Every structure is written in C-alpha cells, then in structure tokens.
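Notes to accompany the following structure.
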Amino acid sequence: MESLQPGGAFHPRPLSMRLGALRLLLLALLLAAAAPRAACAYRLLFNPLGERTHILVHLELAAELAARGHDISFISPDCHVPFAKAVLSQRRPGARVGFVTYPLDCQWVEQDKRRAAEAGPLHGVWMIVEALANRTDYMLSHEGLMARLRALRDGPGAIDLVVTDNIAFGALLPSALGLPCVDLDVGVAGSLYEPLFYGAPSAPAYVPAVGTFLPTNGMSLPQRAANVAATLAAQLLLKAVYWHPAMWVQKLVRKHDLPLRWPYVQPILELVNSNFVTEPPRPVGPITKYIGPILPTAAKPLPRDLSSWVSGAGPLGAVFVSFGGTLSAPAGASLTVLRAAQLLPDVRIVWKLSEDERAALAGDLKAANVTNVKVVTWAPQNDLLGHPKLKAFVTQGGFLSIGEAAYHGVPIVGAPLLAGQGELIRFAADQGRGIMLRKSVLTRGDAPRVAAAVKEVLSNPSYARAAAVASERLRAARVPYRAQAADWVEYAAALKDHGSFLHTQGQRMLWWQVCCLDVALIALAVVAAPCWWMYRLWAAGKRAGGAALGDADEDNAVQVQLAFPPGTQLEAAKQLRMAKQGIRLAQPAAAVAADPSVRTLTASTLANGARAATAAAQTPAPRRMSPPWLFRRRPLTGEAWAWSGARVAERQQEQPAGRRRLHEQRSGQVLDEGPGEQTLASQLGQQLLFEDRTVHDKFA
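Take a look at the structure:
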C-alpha cells in the first residue's frame, strides 16, 4: 500500500509493515470463521427443576450452547444460584449465562424431600408430584418472575425457544409465555412417560414397569402378567395426574388460563439424558432423542486430601457412597451404611453426606470410631469415579450416578429410595455390573447384607469386566453427548415456527383406536357371519334329514304289507319315511311312527295311516322348509320302491335267528290284532322294510 504525504506525493510503506498488516487481516478472518455465525445465534431460555442434579444437566447443555454464541437465560431459585455459578466456573469457565432468579425456601423443600424419602414407595411418589405441582404453581403465580420473562419474550432479541424439564410440568411455563419448547428429561422414568406423552409404543412384555424391579433380560409368564397389570395401573395413575379435572395439572391450567389440554403434545423434541447402554433398550417415538449421559468427562485430578485418601486404599480398593443430591437418605439407611463400614475394615470408604445428615449422624459417627470412613459434604463425583483406585459405588440409582459409573467402568451396589430409581440398577445387575438391594435392606438395618454385597463386587472380577464393557460402549461415541444435545436444540430452534411435527397421530387418537379394537371387531364379524350362515344351513339340514339309521333301528323297523294301489303305496311309504326321520306330520299314524318308543305298528294303525296318506295325496301337502341342496335327498322312485321289497327278503335271510324270531313274533302280534286286520294283511302283495340309507346309496 501507499500513503499520501503532505505536498501530494505518494510514498510506499515498508514491506515488513505490509506483511504484518496482512497477517493481522488473515488472523481476523480465521477467528471470524471459527466463531459462531450471527445468523445462527438464538436466544434460549432454560427452565430446569430447582434441584441441584437437574441444574447440573441443564447448565452443561446451556454452557455448550453459550460457547457456540447463543444468548442463554437460566431460571433458578435464588438459593441455588451460588451453587450454579460455582459449577459453571469450574466445569465451563468463560461461558456466559444470565440467571433469572426467584425466591424459594430451600430448607422447606429439603424437609419435603426428606418426608417423601421416609414414606412408602407410592406415598412418596405422590408427595413428590404434589410438591412439584405446588412449586410450578408458585412460579406461574410469581408476578416478578413472570414480568421479567415476558420482558425477555417481548424485548429486543425475543426468546426463540424454551428448554424445560419435563418432570417439573415443564410444558406449563412455555404455554403461559406462548413459546415453543424442548423437553429435557434429566432421567426419571422414561419408560413411563414416553408411551403416554411422546408416542412410544408400550412394551410390557419385556420392559418392566416403574417400581416393579422385574428382570430386564426376560420375564416368566407370571412376571409378565404382573408387569402388564402394573404398567396399566401406572399409566392410568399418570393420566389421572395430568388430565383429570380434579388433579393438579388441570387445576393449574384453569387457574392460569393456559391454552393447554394435553401438557405434552406441544414440545418439538424430547431430549433424554440417558443411553441404551445404561437402561433397557425399548422402542421410542420419533420425537425422542437419547443424547446422554452429557455430564461424564475424562477424570481430572482430585483435591489433595481426597486423592491421598483414595490412593492409600488396600488391595480391595476404595468405595464411594452417595445417595444423590435430590433426595436425602432415611436416617435408618445412614445407620446401616455406618454399621456395614465397620464390617469392612480393609476397605476405604468416601461417604458424601449433606450438612443436615452429617449433623444428625454426628453422635453415631463418634461412637462408632471408624477409621476407614472419610465423610465429605461435597465430592467431585465424576473425577472420583474416574480414579483408578475406586472399585465400587454405593448409590440410590439416579441417572447421573449410573451414567458416570458406567462411563468410568465402576461396578455399583444400588439401593433405590423411590420408584423410578431402581430400573437402572436392575439393568446393571442383569448385565453383571452391579448388585441390587431393596430399600428395606437399608431401612431395617441389615448391615451384614450390605457389607456382603460390597465385598462381592470388590472381590469378584466379573463385575469389573462387565462394567468395563459398558464403559467401552459409552466412550465409543465420536461426537460428545453434550454436543449432540446442543445440535438438537439448534435444530428445534431453527424450526420453532413449525410446531410439534414429530408427534405421532396415535397421540391424538382414542386408546381403542390405537389398539385397533374397531378393526378387530369388524374382522371378527366378517369371519363370524359366514360361519354362522354355514351353521344355520347345517342345522336346517340336520332337522330336515334326520339322523342315519343304526343296526338296532333297522332290526326294529316296522314291517308292513300294503294292499293299496301303487300310487297310494308309494305315498304312504314316503310318509312313513319322513315320520321315521323325525319330520312332524299332520297324520296320526306318522306321528306315532315318529315316536322312538314305538317299535311296531298294528295293522289297524297302518290302515288308518294308509287312509290318511290317501287323503293327503288328494290334498296339497303342508308347506314346510325345504332342506338346503347339500343336505337334500332325492325322493324314492317306483324302481327304488320295488327294489326295496326285494331287499327285504334278502335282509330277512341275513338276520340272525334271534332277530328273525323277534320279527316273526312282532308280525304275529300284528296279524293277531283282529279279523279285519288279518284280511287286510292277506291282501298285501309284498313285504317292505324301509331302509333309507341303502335305497339312497343305490338310487341317489
């Protein structure tokens, strides 16, 4: 370049100055290319549940998005802001996150959680849900908080997307602000929430219901039956909590005039801080993205005192005991752990207790005088689990704890305190990387069993090998999990005006439509209609055709001699045949012959029947239902009738002597009825024995 000097003369700059300016320009271009583009920057609002574990996960994702140049606002109770800022400065220094605070009595919250932990499983869950609803109502009713949020929404650079916590009725706040949202599931009970709210098919045949602790590697028939019942009961209870007019959610909807009927139909995405390495694989809906665990990272050096304590452990290694930061362990559980530590003198234990828990247990700790236990109020859990000397983790089974233990390949001894905390422990036990204990083992003081479980995990190398497999699977992801989560949040923010387009249609259908019960009913009718029609045809044919004659019926057949004209004989034989087949006739003789108890007919009865038949031949036959074509038998012709007379003689020759004598006796009884009948009988020209089956086999 050249510069203009006084006097109008141009003088070139030195070459070194021009090269330096070129370097600066190139460096500026590289920095601009590496920095996030302004066109892709979004303004995001995070609304986690006001608990430390949930704040940790949301902060990790918020810091990742802040590093990409997005504007982040973070809602938090004022009592947790110092903790959140300390974690942010330690894990992601330099991340710019703005906090939107509201007052909350954290001591009151801790008391509620302690009461829930000491209650029964179902009662404890009920107490937690009620407490969450009350806290959500408190936020929506706080005028100062809602005014600041509306100012963020309406001010310059309006909020593009809300990242909310689904367990804390997260859809209510975005609905009140009229903003699109993404649900971030820190990890509570995905197998319960996903089928109801996120379009996942329910699979009770192999996915245990929350709180049942059934095996994840195959259930027996009784277990599957119990699991189906438990799954239905849990889903009905959750539906009542969210959709019944008298329950908390719908009360909040009416109280705050929210344009919402189904709380979980509007999120663009559901992000789950978990992985199918740490929980049972199952089908999920297209709206659900598993992006976790996002907290585990490579272990950093421990603080000096903690590092020296863990490094000095013996051959069995060290054990970390922590029951999470959301719920406090019952007092009985703490005493059980203390007594179990006394039974493991060769194992060094790092035990995390809150200030209140430590104060409540101070007397017992002093009386026990245990030298192998180090009590801390806070510990860098990720770094501690990544220490090579730490060999086991005693936990309540929270998602964060299970994820970090699996990432670092540490076997677990799990004792769930609430329903929803034991599913991951059971899956770890089924995979061979942990042991599951019931909550009652801790509360009733079964210290030997706890000590035996810890010693089994430490001394049996199979647990460490199985945990190493899970660690290898989690570490195989080429893109860090928090980066995957940030990518999906940016995707949702880019499509903020598209609505919840990944929801399945089944979420808007009735349950019997989803199960295709109407289709099954129509298919059943289509199959049943022809079957019923065939049955009616068969029944009509059976009534018309009658049952086939057996040997006894043939032997007891009535033998008659007719002396009437051939036409009359044929009609009488037809009438007699129909009588024997069970067809009801108007003629008295035929009615008598149809009675199976009557085995013989007198000549007078026969004569009356013949006369009635002659009269019937001269009048139209009564109308009756004709049997179907496939059951209809052809009438006897004259040829068949003549052949029947010849067949009678052959049949009589074939009859045994006893049967022939019986027929002779019956014939005698018939002929001895009276002179009129004998005269009639002497005039008969042939003897007939009606054999319906034989005649029709020959002439049909």
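Just so you know, the sequence shown maps onto residues -41 to -1, 1 to 659 in mature numbering (1 follows the signal peptide of the UniProt record, and there is no 0). Beta carbons are placed, not taken as given, at the ideal position from N, Cα and C, and that holds for glycine. Bear in mind the structure is a predicted one, so any value in this text is a computation, not a measurement.
Taking only the alpha-carbon atoms, compute the straight-line gap between glycine 381 and leucine 196 and give it to the nearest angstrom.
-> So the alpha carbons of these two residues sit roughly 19 Å apart.
Around the C-beta of alanine 460, are 16 or more other C-beta atoms found within 10 angstroms, so that it is buried, or is it exposed?
-> Reading the sequence as shown, one finds phenylalanine at residue 460 and not alanine. When all chains shown are included, phenylalanine 460 counts as exposed.
Pair every Cβ in the region 416 to 435 with every Cβ in the region 209 to 219, then say whether three or more of these pairs are closer than 8 Å.
-> no
Endpoints, alpha helix (DSSP H) assigned at glycine 114 | That residue, glycine 114, is in no alpha helix (DSSP H); it is neither H nor E in DSSP.
Inspect the CB distances between the region 44 to 62 and the region 80 to 87 and report whether three or more fall short of 8 Å.
-> no
Excluding the five sequence neighbours on either side, which residues of its own chain have a C-beta within less than 6 Å of the C-beta of alanine -1, listed in chain order?
-> Gly28 and His29
What are the start and end residues of the beta strand (DSSP E) that includes glutamate 10?
-> For glutamate 10, there is no enclosing beta strand (DSSP E), since its DSSP letter is neither H nor E.
Looking only at DSSP bridge pairs, what is arginine 2 linked to?
-> BP columns for arginine 2 point to Asp30.
For the region 63 to 80 against the region 40 to 54, are there 3 or more C-beta pairs whose distance is under 8 Å?
-> No, because fewer than three Cβ pairs between the region 63 to 80 and the region 40 to 54 fall closer than 8 Å, the two stretches do not touch.
How far does the alpha helix (DSSP H) with glutamate 238 in it reach, from first residue to last?
-> Element bounds for glutamate 238: n/a, residue is neither H nor E.
Compute the distance between the beta-carbons of tryptophan 310 and alanine 318, then report whether it is under 9 Å.
-> no
Could you work out which residue in His39, Ser266 and Ile246 is closest to alanine 338 when comparing CA atoms only?
-> Ser266
What are the complete alpha helix (DSSP H) segments, minimum 4 residues, inside the region 46 to 80?
-> 65 to 77
Phenylalanine 235 burial status per 10 Å Cβ neighbour count (16 or more: buried) = Residue environment analysis places phenylalanine 235 among the exposed positions, since fewer than 16 neighbouring C-beta atoms fall within 10 angstroms of its C-beta.
Whole beta strand (DSSP E) elements within the region 352 to 414, 3-residue minimum | 371 to 373 and 393 to 395
Could you name the residues of the same chain whose beta carbon sits closer than 7 Å to that of proline 375, not counting the 5 residues immediately before and after it, in chain order?
-> Gln355, Gly356, Gly381, Ile384 and Lys398
Close beta carbons around threonine 175, own chain, < 7 Å, minus the five adjacent residues each side = Pro167, Pro239, Arg385, Phe386 and Asp389
Serine 161 classed as buried or exposed, judged by whether at least 16 other C-beta atoms fall within 10 angstroms | buried
For the region 299 to 339, which segments carrying the beta strand (DSSP E) assignment without a break, of at least 3 residues, lie completely within its bounds, in sequence order?
-> DSSP runs (the beta strand (DSSP E)) wholly in the region 299 to 339: 307 to 311 and 332 to 335.
Beta-carbon gap between leucine 138 and leucine 120 smaller than 9 Å | The criterion of a C-beta distance shorter than 9 Å is satisfied by leucine 138 and leucine 120.
Is it right to say leucine 349 is buried, meaning 16 or more other beta carbons lie within 10 angstroms of its own, or is it exposed?
-> Leucine 349 should be labelled buried.
Helix or strand or just coil, what does DSSP make of phenylalanine 42?
-> helix
Output the distance between the C-alpha atoms of leucine 261 and valine 269, rounded to the nearest integer angstrom.
-> 9 Å
Express the C-alpha separation of cysteine 65 and cysteine 38 in angstroms, rounding to a whole number.
-> 6 Å
Which residues in the same chain have their Cβ closer than 7 Å to the Cβ of glycine 244, if we skip the five residues on either side of it in sequence?
-> Around glycine 244: Glu153, Tyr157, Gly158, Ala159 and Thr463.
Among Asp142, Asn419, Gly283 and Ala184, which residue has its Cα nearest to the Cα of leucine 228?
-> Ranked by Cα distance from leucine 228, the first of Asp142, Asn419, Gly283 and Ala184 is Asp142.
Beta-carbon proximity check, leucine 217 vs asparagine 232, cutoff 9 Å = no
Could you pull out every residue in the same chain whose Cβ sits closer than 6 Å to the Cβ of glutamine 628, ignoring the five residues on either side in sequence?
-> Bear in mind that a pLDDT of 43 at glutamine 628, under 50, signals an unreliable position, so the model cannot answer this.
Per DSSP, glutamate 229 is paired with what?
-> Asp142 and Thr247
Rounded to whole angstroms, what's the CA-CA distance from asparagine 186 to threonine 171? Just pull it up for me.
-> 7 Å
Determine the contact status of alanine 25 and alanine 54, defining contact as a CB-CB distance below 9 Å.
-> Taking the C-beta atoms as reference points, alanine 54 is found nearer than 9 Å to alanine 25.
Cα-Cα separation between phenylalanine 469 and leucine 312, rounded to whole angstroms = Residue identity differs from the one stated: residue 469 is leucine in this sequence, not phenylalanine. For leucine 469 and leucine 312, the distance between alpha carbons rounds to 48 Å.
Meets three-Cβ-pair contact criterion under 8 Å: the region 410 to 426 and the region 361 to 371 = Counting Cβ pairs under 8 Å, three or more are found: they touch.
Nearest residue (CA-CA) to threonine 336, options Ala444, His13 and Asp315 = Asp315
Could you give the uninterrupted runs of the alpha helix (DSSP H) lying entirely in the region 450 to 501, keeping only those of 4 residues or more?
-> 470 to 473
Helix, strand or coil: how does DSSP classify phenylalanine 281 here?
-> Here residue 281 is serine; the residue named in the question, phenylalanine, does not match the sequence. Of the three classes helix, strand and coil, the one that applies to serine 281 here is coil, per DSSP.
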